[in-house]
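Asks: Let me give you the structure first, and then I'll get to my questions.
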Amino acid sequence: MTITITAFEKSPDEGQGLARDMRVRWALEEVGQAYDVRLLSMAQLKQPAHRALNPFGSIPTFEEGNLALFESGAIVLHIAQRHAGLLPEDTDARERAIAWIFAALNTVEPPIVEHEMATYFECDKAWRDEHLAMIVERVRDRLVDLSKRLGDADWLEGNFSAADLMMVLVLRRLDGSGIVDEFPNLAAYVARGVARPAYQRAFEAQAAVFAARSRN
223 MTITITAFEK
233 SPDEGQGLAR
243 DMRVRWALEE
253 VGQAYDVRLL
263 SMAQLKQPAH
273 RALNPFGSIP
283 TFEEGNLALF
293 ESGAIVLHIA
303 QRHAGLLPED
313 TDARERAIAW
323 IFAALNTVEP
333 PIVEHEMATY
343 FECDKAWRDE
353 HLAMIVERVR
363 DRLVDLSKRL
373 GDADWLEGNF
383 SAADLMMVLV
393 LRRLDGSGIV
403 DEFPNLAAYV
413 ARGVARPAYQ
423 RAFEAQAAVF
433 AARSRN
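When the count follows the working numbering, it moves up by one through the sequence shown with no breaks and lands on 438 for the last residue.
The structure is reproduced here in structure tokens:
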């Protein structure tokens, strides 16, 4: 059965590998699964056909046979559970890795997304600098805890797993802010993740969409 995922026809991230279909692309590349991509415009995201797959009208979605999924974390977890290579074989380590997937999305990502919103969409607000400073401190608090937990390990739970895939892409949302660079072990952790061949293939595939659409 062919796997089909959805992605932005013209991504707001302008080919920087930050749109959430990147998470699914990377996971599929890691486990060696081919996939097709259905590109959608912002208008098409809100149409009934797509909302039948994702009730919130966003990307990514995942279709394989009769199975349709939405939410990048759920999709990546499904791929990791279905195919070898993205979760530890040991049962306890496997459950800890899954916990880290949830931590990336529920604990680390929310203040980072808030940081993005304040950076790009509050520039004209008189209170923006004070608000952004508070958000930066919340982000730093999360990274302090993450940095201590990672220590000098290469990955969060033994070998590279879906937990690292998700956490690296969450941390990448801080690119250009300099915040991750304040934690040398986290900066090195992100660098190890993006150096993986599967990441590079996924990044190039996503970037190619933006490049093609920009020429049109």
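C-beta atoms are modelled at their ideal positions from N, C-alpha and C, and glycine is treated no differently. Since the model is a prediction, treat every value here as computed from it, not as a measurement.
Considering Cα atoms alone, identify which of Ser233, Leu250, Phe230 is closest to Val420.
Replies: Before going on, a small fix: residue 420 reads as Ala here, not Val. Checking every option, the nearest Cα to that of Ala420 belongs to Leu250.
Asks: What do you reckon, are the CB atoms on Leu391 and Met244 nearer than 8 Å?
Replies: Yes, they are a contact pair.
Asks: Please list, in chain order, all residues of the same chain as Asp258 whose beta carbon is under 8 Å from its beta carbon, the five residues on each side excluded.
Replies: Closer than 8 Å at Cβ, skipping near neighbours: Thr224, Ile225, Thr226, Ile227.
Asks: What do you reckon, are the CB atoms on Ile401 and Val361 nearer than 8 Å?
Replies: In contact: Ile401 and Val361 (Cβ atoms closer than 8 Å).
Asks: Can you look up Arg273 in the DSSP assignment and give me helix, strand or coil?
Replies: Residue state, collapsed to three classes: helix.
Asks: For Gln422, which residues from the same chain have a beta carbon less than 8 Å from its beta carbon, with the 5 sequence-adjacent residues on both sides left out?
Replies: Cβ neighbours of Gln422 beyond the five flanking positions: Val416.
Asks: How do the segment 275 to 288 and the segment 319 to 336 stand: do at least 3 beta-carbon pairs fall below 8 Å, yes or no?
Replies: Taking 8 Å as the limit for Cβ pairs, the verdict is that the segment 319 to 336 does not touch the segment 275 to 288.
Asks: Can you pull the DSSP bridge partners for Arg304?
Replies: In DSSP, Arg304 forms no bridge with anything.
Asks: Restricting to Cα atoms, I'd like to know which of Asp386, Arg247, Glu404 is closest to Ala424.
Replies: When each option's Cα is compared against that of Ala424, the closest is Arg247.
Asks: Given a cut-off of 8 Å, decide if Leu308 and Ala201 are closer than it, judged by their beta-carbon atoms.
Replies: The structure shown does not extend to residue 201, since the chain is modelled only from 223 to 438, so the question has no answer here.
Asks: In the DSSP assignment, find the beta strand (DSSP E) that holds Thr224 and state where it starts and stops.
Replies: Thr224 -> no beta strand (DSSP E), and no H or E assigned at all.
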